[in-house]
Amino acid sequence: MSNILYVTSEAFPLIKTGGLADVAGSLPIALAEQSEDIRLVLPAYPQVMQQVTDTKPLASGIYYNLEVTLLETQLPNSNVPVWLVHCPAIFDRPGSPYMNSAGQPWHDNALRFAVFCKVAVDIAMNRLNLKWQPDVVHCNDWQSGLIPALLQPLKQRPATVFTIHNLAYQGLFDYQTFIDLELPSALWHPEGLEFYHQLSFIKGGLVYADRINTVSPTYADEILQPEFGNGLSGLLQHRQGRLCGILNGIDHTVWNPATDPHLAAHYDTTTLDQKRVNKTALQKQFNLPIDAKIPLVGMISRMVEQKGLDIILQAMEKIMTMPLQLIILGTGDMHYEMELMKWSQQYPDRIKVIVGYNEPLSHQIEGGSDLFLMPSAFEPCGLNQLYSLRYGTLPIVRNVGGLADTVVAANKQNLANATANGFVVPAQSAPALVATLKQALTLYKRPKVWRQLQLTAMKGDFSWQRSAKHYRELYQQAMADRDQINAG
Ligand code: ADP
Ligand code: GLC
290 MSNILYVTSE AFPLIKTGGL ADVAGSLPIA LAEQSEDIRL VLPAYPQVMQ
340 QVTDTKPLAS GIYYNLEVTL LETQLPNSNV PVWLVHCPAI FDRPGSPYMN
390 SAGQPWHDNA LRFAVFCKVA VDIAMNRLNL KWQPDVVHCN DWQSGLIPAL
440 LQPLKQRPAT VFTIHNLAYQ GLFDYQTFID LELPSALWHP EGLEFYHQLS
490 FIKGGLVYAD RINTVSPTYA DEILQPEFGN GLSGLLQHRQ GRLCGILNGI
540 DHTVWNPATD PHLAAHYDTT TLDQKRVNKT ALQKQFNLPI DAKIPLVGMI
590 SRMVEQKGLD IILQAMEKIM TMPLQLIILG TGDMHYEMEL MKWSQQYPDR
640 IKVIVGYNEP LSHQIEGGSD LFLMPSAFEP CGLNQLYSLR YGTLPIVRNV
690 GGLADTVVAA NKQNLANATA NGFVVPAQSA PALVATLKQA LTLYKRPKVW
740 RQLQLTAMKG DFSWQRSAKH YRELYQQAMA DRDQINAG
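Per the numbering used here: the sequence shown ends with 777, consecutive numbering throughout.
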């Protein structure tokens, strides 16, 4: 058993903008079940404070002239302790944890997450008298990137692991910010936090963590190439011996069609016919023609370039001529939101676009759709295709990252040996997407084949148990690496 400090900027159900929250809300529970003593550190955003009632102050301090209190609570439905970094001046703001209502990053994001990192470092070094010190600090994404950099030179430090959930978000700020944050000047060089004359938070993790991982094996390979490396492939190649990919799992208590409280009807592999009730409910709710036979395609997504919205928009004219209905739930870049809305106004009987964040509806779309659209240009892991598989909603994906590791294309061979569970778009282009949709619609007309695909999808095992074991191995490797550095 080891002591693990899990540092994250979001965790379901306390606060969520994307898949990181799902991971941070479920992997720690799986690790606790495997006897790790794990504690979460999370900013005390207002959404979090509204949900927790039983907070206990543990420590307080001043960081960059701001008063900070560390509050203890628990991850709902678990015994996993959560330590909230309570600093109203920087975290008590409505809306997204990262952006203002105009979709711009909060002006003081560098300061906000520097405070967060410094508190985590003080916990890690047992400076807050918590009577608990981690053996490993597990950091996630750029918001926690400064931690490995700040810990690295210290004696008696815990080992560090840095998980890349998305290399496209790097936490880049100008040089003046580096000065204002009073970071050690020894960190300012191209092999340190400097990235083309800018301060890069993510480099703190990539350069200084004892071990690095991404959230799927294929993405771990891809980011070594310039095409997927976001300017960091050279550094990652240099650290290749310390880098691995561990596929995300899913939380079966939250995403289970047999028990999901948001669904009109429950179903499993033996009662799959009931899925139809959810489809009718969805068609009713969105005023689409109620028709069990017309294929219903769902999509739930942050509306950003990553998710393949460009090829969807380019293909939309052709898609609207196909016999299908489309329901899209998402929020993000205004440009994509508006373009999609235009299509839904033009074809109200075929496409519904719901702009916003809606947790219950996301479950209803998974439960009621026949197909799930996710043609991402890159995808570190992707959770929605995993939820879709579990709900017998066949995913249409690109063969990149975690999508390639989890979706098996319905080609002749895979259909014959019953391993197929979805559809794979062979290129990031509108014609390729249209061709794959056509293929899916053709198979939809063959109920027996479709049923087999659904059953294979639903039987896939994407629970956390296996991945949690891999993380435990990674923690051991990180501790061994740290010991070796100390010995040298
Ligand atoms: P990413 O983390 O890149 O956004 P993932 O597929 O890993 O992609 O995870 C996305 C998570 O966020 C899923 O749980 C998905 O259901 C959820 N999600 C995304 N957009 C919305 C939305 N508009 N409403 C509700 N849930 C959403
Ligand atoms: C990121 C990635 C997504 C991944 C999620 C959780 O947001 O974009 O692919 O599933 O993190 O690891």
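The C-beta atom is built at its ideal place from N, Cα and C for all residues, glycine as well.
- Residue pairing for Glu356: DSSP places it in a beta bridge opposite Ile351.
- C-alpha of Asn545 to C-alpha of Tyr680: approximately 7 Å in a straight line.
- Taking the Cα positions, Thr731 is about 19 Å away from Val696.
- Judged by DSSP secondary structure, Trp544 falls outside any alpha helix (DSSP H); it is assigned neither H nor E.
- The alpha-carbon separation between Ala767 and Leu692 amounts to approximately 28 Å.
- Taking 7 Å as the cut-off, the C-beta of Asn567 does not count as close to any heavy atom of the ligand ADP.
- Put simply, of Leu525, Gly518 and Thr569 the residue whose alpha carbon is nearest the alpha carbon of Gly657 is Thr569.
- Taking a 10 Å sphere around the C-beta of Asp381, we find fewer than 16 other C-beta atoms and assign the residue as exposed.
- Membership of Asn703 in the alpha helix (DSSP H) is indicated by the continuous run Lys701 to Ala705.
- Here DSSP, grouped into helix, strand and coil, assigns Val410 to helix.
- In this model, Tyr646 and Ser505 are separated by some 26 Å (Cα to Cα).
- Counting only runs of 4 or more residues that sit fully inside the segment 582-613, the alpha helix (DSSP H) segments are 598-608, in chain order.
- Each residue's CA atom was taken as its position, placing Phe484 and Lys492 some 8 Å apart.
- When the Cα atoms are used, Gly587 and Gln445 turn out to be separated by approximately 51 Å.
- Gln635 counts as exposed, since fewer than 16 other C-beta atoms from the protein chains shown sit within 10 angstroms of its C-beta.
- Residue environment: Asp562 is assigned as exposed (fewer than 16 neighbouring CB atoms within 10 Å of its CB, all protein chains considered).
- A direct Cα-Cα distance of roughly 31 Å separates Thr344 from Gln393.
- Between Leu329 and Val369, the CB-CB gap stays under 8 Å.
- CA-CA distance, Ile468 to Ala604, rounds to 47 Å.
- Lys701 counts as exposed, since fewer than 16 other C-beta atoms from the protein chains shown sit within 10 angstroms of its C-beta.
- By the CB criterion at 8 Å, Ser367 and Ile318 fall inside the cutoff.
- The Cβ atoms of Leu331 and Leu303 lie closer than 8 Å to each other.
- A residue is listed when its beta-carbon falls short of 7 Å from at least one non-hydrogen atom of the ligand GLC; in chain order these are Gly307, Gly308, Leu309, Asp311, Val312, His454, Asn455, Val504, Asn537, Gln595, Glu668, Pro669, Cys670, Gly671, Leu672, Gly690 and Gly691.
- Judged by the Cβ position, Leu618 qualifies as a neighbour of the ligand ADP at the 7 Å threshold, a heavy atom of the ligand being closer than this.
- Between Leu650 and Leu683, the C-beta spacing is not below 8 Å.
- Comparing alpha carbon positions, the residue from Gln674, Glu325 and Val496 closest to Gln754 is Glu325.
- Take the alpha-carbon of Gly711 and the one of Tyr764: they are about 34 Å apart.
- Cβ neighbours of Cys670 within its own chain (closer than 6 Å, five residues either side excluded): Val504, Ser505, Asn537 and Gly691.
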